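K.L.:
Line by line, the protein sequences are chains A and B.
Read in order, the letters of the first sequence are residues 1 to 120 in the UniProt record's numbering.
Read in order, the letters of the second sequence are residues 1 to 281 in the UniProt record's numbering.
The C-beta atom is built at its ideal place from N, Cα and C for all residues, glycine as well.
Values in this document were obtained by computation on a predicted structure and should not be read as measured data.
Sharing a structure, written as structure tokens. Questions coming.
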Amino acid sequence: MNMRIPILKLKDILIVSLQWELDDQTAIQFQEDLLEKLHDTSARGVVIDLTPIDFIDSFIAKVLGDVISMSGLMGARVVITGIQPAVAITLIELGIRLENVMTALDLENGMDKLQHELEA
Amino acid sequence: MQKGCFNVGKREDIYEYIISKKEEMADEWLERSTGSGEESVFRSDEKGKLHIQHDQLIETVSRIFIEDNNDFKLHIDNWSEAVASHWVKSGVTMHETIAQFRLIRGDYWNSVKNYILSEKQGFSIEDAFYWSNIVNDAFDFIMENFARHFEDAHKKILTSQQQMITELSSPVIPVKRGIGILPLVGDIDTYRARIILETGLEQAATQKLDMLFIDLSAVPIVDTMVAHQLFQLIDALRLIGVEAILSGIRPEIAQTAVQLGIEFRGIKTQATLMNALERYS
């Protein structure tokens, strides 16, 4: 079964809400879809919300990291929102610090941060 | 082999006799161990529960006369575990426990003695010694076994208290909307650091903080290990969108950190919490 992650557009920002844990294939598909959409819409910002995600492994973390870099190359800033405390701890233990990535507690904060960035 | 040992009939007779004295022994013991007497260690309202425990003990001990030794030990073990747990919670101390067993053993042996004396015809001196050994060995085993479970129950309480202290020891205090303080107090070992990481993160998320001021004024030693734990906490906070600022950097901490080559790259730090709040919030 092929489930694709829905990507919504709000003005010049793309919003992605991950509703379930990604398997490898879906993750790669998502990467392609997002970049396609960025190209089609010329969006300047992306918010990826991970609130329902309780578990993340190093592969998914890498895919996310790559998506961020790739989007950056295409001229879009990305902010990751809703990382759960338990997931945050796992990422840190895996040594994944997502250093140059914007993060926010929830979607609302994320949008604010992004607006801020884009206006600057 | 002594005359009385193999005689199954005699064994069952003693067993029946002791069991018949069960109530009497229980009342005798409860009289002295509960209420306000000088030997009492239990409250009067625990009489019911204690009566049952005593009954079970007498029944279990008496089975030494008719049961296989291993079964006997197993049953005693089960009894000890349950009763030790209760007595520890009731605040009975180890020496009080020993005193209680002295009372119970005393009454029990008196009963056995009375039986032997009343049946003088059927028992030789060797028999009397034999039964004496059996009963005393049984009680020795019970004491030792009970002491072990008593200690375990005690340890469990200490551990859970320790856990509670550790978990309560790092509260995130909100001071303004979106701004909180985490005052760290005392030494931070790996175990505590883990608790702080988990609870601190959870609280910061629940309170929807933008900024968390982590104050180190009351942390005596900040070495590479503690620094590493702090960095993990700060990184994890950043992942959930909370900026962490370190305050309470005492001169000793500043010196040690630089001498150990600990780098606080990208992390805002201040000498006092007051300065930090003024400057960044």
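With 16 as the cutoff for other CB atoms within 10 Å, does residue 170 of chain B come out buried or exposed?
P.N.:
For the purposes of this step, residue 170 of chain B is identified with residue 170 of the second sequence, where counting begins at 1. Its Cβ being crowded by 16 or more others within 10 Å, residue 170 of chain B is buried.
K.L.:
Run the CB neighbour count on residue 14 of chain A, radius 10 Å, all protein chains shown included, and call it buried at 16 or more, exposed below.
P.N.:
Counting from one through the first sequence, the residue named residue 14 of chain A turns up at place 14. Result: buried.
K.L.:
Using a Cβ cut-off of 8 angstroms (strictly closer), state whether residue 241 of chain B contacts chain A.
P.N.:
If you number the second sequence from 1, residue 241 of chain B lands on position 241. Cβ-Cβ to chain A under 8 angstroms: yes for residue 241 of chain B.
K.L.:
Output, in sequence order along the chain, the residues in the stretch 85 to 113 of chain A whose CB is closer than 7 angstroms to any CB in chain B.
P.N.:
The residues in question are 85, 88, 89, 91, 92, 97, 98, 103, 104, 105 and 109.
K.L.:
Suppose you measure from the CA of residue 63 of chain A to the CA of residue 78 of chain A; what does that come to, to the nearest Å?
P.N.:
Working through the first sequence from its first residue, we reach residue 63 of chain A at position 63. Working through the first sequence from its first residue, we reach residue 78 of chain A at position 78. Distance between the alpha carbons of residue 63 of chain A and residue 78 of chain A is about 13 angstroms.
K.L.:
Does DSSP put residue 72 of chain A in a helix, in a strand, or in coil?
P.N.:
Locating residue 72 of chain A in the first sequence gives position 72, where the first residue counts as 1. Residue state, collapsed to three classes: helix.
K.L.:
May I ask you to verify whether the stretch 188 to 198 of chain B touches the stretch 218 to 227 of chain B, counting CB pairs closer than 8 angstroms and requiring at least 3?
P.N.:
Result yes; three or more Cβ-Cβ pairs closer than 8 angstroms.
K.L.:
Among B/20, B/71, B/98 and B/54, which one has its Cα closest to the Cα of residue 39 of chain B?
P.N.:
One-based indexing of the second sequence puts residue 39 of chain B at position 39. Per the Cα distances, B/98.
K.L.:
Compute the Euclidean distance between the alpha carbons of residue 117 of chain B and residue 31 of chain B, then round it to the nearest angstrom.
P.N.:
In the second sequence, counting from the first residue as 1, residue 117 of chain B sits at position 117. In the second sequence, counting from the first residue as 1, residue 31 of chain B sits at position 31. Residue 117 of chain B and residue 31 of chain B: Cα-Cα distance of roughly 26 angstroms.
K.L.:
By the three-class DSSP mapping on this structure, what secondary structure does residue 106 of chain B have?
P.N.:
For the purposes of this step, residue 106 of chain B is taken as residue 106 along the second sequence, with counting starting at 1. Looking at residue 106 of chain B - three-state DSSP - the assignment turns out to be helix.
K.L.:
Should residue 1 of chain B go down as buried or exposed, given a rule of 16 or more other Cβ atoms within 10 Å for buried?
P.N.:
Here the question's residue 1 of chain B lines up with position 1 in the second sequence. Caution is warranted here: a pLDDT of 40 is assigned to residue 1 of chain B, below 50, making its placement in the model unreliable, and the coordinate value is therefore given only provisionally. Per the 10 Å Cβ criterion, exposed.
K.L.:
Ends of the beta strand (DSSP E) at residue 46 of chain A?
P.N.:
In the first sequence, counting from the first residue as 1, residue 46 of chain A sits at position 46. Residue 46 of chain A -> beta strand (DSSP E) spans 45 to 49.
K.L.:
Under a Cβ-count criterion, where at least 16 other Cβ atoms within 10 Å of its own Cβ denotes burial, should residue 25 of chain B be classed as buried or exposed?
P.N.:
Stepping through the second sequence from its first residue, residue 25 of chain B is reached at position 25. Under this definition residue 25 of chain B is a buried residue.
K.L.:
Ignore the nearest five residues each way along the sequence and tell me which others in residue 77 of chain B's own chain have a CB closer than 7 angstroms to its CB.
P.N.:
As a working note, residue 77 of chain B is residue 77 in the second sequence. Within the same chain, residue 77 of chain B has close Cβ partners 145.
K.L.:
Using a beta-carbon distance below 8 angstroms, is residue 77 of chain B in contact with chain A?
P.N.:
Working through the second sequence from its first residue, we reach residue 77 of chain B at position 77. No - not a single Cβ of chain A is within 8 angstroms of the one on residue 77 of chain B.
K.L.:
Would you identify the three-state DSSP class for residue 194 of chain B, choosing helix, strand or coil?
P.N.:
Mapped onto the second sequence, residue 194 of chain B falls at position 194. Here residue 194 of chain B sits in helix by DSSP.
K.L.:
Considering only the beta carbon of each residue, do residue 139 of chain B and residue 73 of chain B sit closer than 8 angstroms?
P.N.:
Locating residue 139 of chain B in the second sequence gives position 139, counting from the first residue. Locating residue 73 of chain B in the second sequence gives position 73, counting from the first residue. Contact flag unset, no.
K.L.:
For residue 134 of chain B, name the three-state secondary structure that DSSP assigns.
P.N.:
By 1-based counting over the second sequence, the position of residue 134 of chain B is 134. It is helical.
K.L.:
Which residue wins for smallest C-alpha separation from residue 52 of chain A, given the options A/117, A/119 and A/105?
P.N.:
Counting from 1 along the first sequence, the entry for residue 52 of chain A is found at position 52. Of A/117, A/119 and A/105, the residue nearest in Cα terms is A/105.
K.L.:
What's the C-alpha gap between residue 118 of chain A and residue 162 of chain B?
P.N.:
Here residue 118 of chain A corresponds to residue number 118 of the first sequence, with the count starting at 1. Here residue 162 of chain B corresponds to residue number 162 of the second sequence, with the count starting at 1. Taking the straight line joining both Cα atoms gives about 49 angstroms.
K.L.:
Does the beta carbon of residue 3 of chain A fall short of 7 angstroms from some heavy atom of the ligand ADP?
P.N.:
Absence of the ligand ADP is noted for the structure shown, with no ligands found whatsoever.
K.L.:
Should residue 93 of chain B be labelled buried (16 or more other beta-carbon atoms within 10 Å of its own) or exposed?
P.N.:
Position 93 of the second sequence, counting from 1, holds the residue named residue 93 of chain B. Classification of residue 93 of chain B: exposed, given that the 10 Å Cβ count is below 16.
K.L.:
Tell me where the alpha helix (DSSP H) around residue 37 of chain A begins and ends.
P.N.:
Your numbering for residue 37 of chain A matches position 37 in the first sequence. That run of the alpha helix (DSSP H) goes 24 to 41.
K.L.:
Three or more C-beta pairs under 8 angstroms: does that hold for the stretch 36 to 45 of chain A against the stretch 3 to 21 of chain A?
P.N.:
Enough Cβ pairs lie closer than 8 angstroms, so yes.
K.L.:
When the Cα atoms are used, what is the spatial distance from residue 53 of chain B to residue 64 of chain B?
P.N.:
Residue numbering aside, residue 53 of chain B sits at position 53 when the second sequence is read from its first letter. Residue numbering aside, residue 64 of chain B sits at position 64 when the second sequence is read from its first letter. If I take the Cα positions, the gap works out to 17 angstroms.
K.L.:
Can you tell me which of B/89, B/96, B/110 and B/131 puts its alpha carbon nearest to the alpha carbon of residue 10 of chain B?
P.N.:
In the second sequence, residue 10 of chain B corresponds to position 10, counting from 1. Measuring from the Cα of residue 10 of chain B, the nearest candidate turns out to be B/131.
K.L.:
Which residues of chain B have a Cβ atom closer than 8 angstroms to the Cβ of residue 83 of chain A, listed in chain order?
P.N.:
Residue 83 of chain A sits at position 83 when you count from the first residue of the first sequence. Simply 239, 240 and 241.
K.L.:
Strictly below 7 angstroms CB to CB, what residues from chain A border residue 208 of chain B?
P.N.:
For this step, residue 208 of chain B is matched to residue 208 along the second sequence. Per Cβ cutoff of 7 angstroms: 105.
K.L.:
Can you pull the chain A residues whose beta carbon is under 7 angstroms from the beta carbon of residue 205 of chain B, in chain order?
P.N.:
Taking the first residue of the second sequence as position 1, residue 205 of chain B is located at position 205. Neighbours of residue 205 of chain B on chain A, chain order: 85 and 105.
K.L.:
Measure from the alpha carbon of residue 46 of chain A to the alpha carbon of each residue in A/120, A/32 and A/68, then state which is nearest.
P.N.:
Numbered from 1 along the first sequence, position 46 holds the residue referred to as residue 46 of chain A. It is A/68 whose Cα lies nearest to the Cα of residue 46 of chain A.
K.L.:
In the DSSP assignment, find the unbroken alpha helix (DSSP H) run with residue 258 of chain B in it and report its ends.
P.N.:
To locate residue 258 of chain B, count along the second sequence from 1; it is residue 258. Looking at the DSSP string, the run of the alpha helix (DSSP H) that includes residue 258 of chain B is 251 to 259.
K.L.:
Less than 8 angstroms between CB atoms is the rule here; does residue 30 of chain B satisfy it with respect to chain A?
P.N.:
Taking the second sequence and counting its residues from 1, one reaches residue 30 of chain B at position 30. Not closer than 8 angstroms to any Cβ of chain A, the Cβ of residue 30 of chain B fails to qualify, so no.
K.L.:
With a cut-off of 8 angstroms on the beta carbons, I'd call residue 56 of chain A and residue 33 of chain A a contact; round off their distance for me.
P.N.:
Here residue 56 of chain A refers to the residue found at position 56 of the first sequence. Here residue 33 of chain A refers to the residue found at position 33 of the first sequence. Residue 56 of chain A to residue 33 of chain A, Cβ: 19 angstroms. No contact.
K.L.:
Taking the alpha carbon of residue 89 of chain B as the point to measure from, which residue in B/48, B/151 and B/14 has its own alpha carbon closest?
P.N.:
As a working note, residue 89 of chain B is residue 89 in the second sequence. Ranking the options by Cα distance to residue 89 of chain B, first place goes to B/151.
K.L.:
Along chain A, which residues have their Cβ under 7 angstroms away from the Cβ of residue 235 of chain B?
P.N.:
Taking the second sequence and counting its residues from 1, one reaches residue 235 of chain B at position 235. By Cβ distance, chain A contributes 92 and 97.
K.L.:
Does the stretch 231 to 245 of chain B touch the stretch 264 to 281 of chain B, meaning 3 or more C-beta pairs lie closer than 8 angstroms?
P.N.:
Contact between the stretch 264 to 281 of chain B and the stretch 231 to 245 of chain B is present, because at least three Cβ pairs lie under 8 angstroms.
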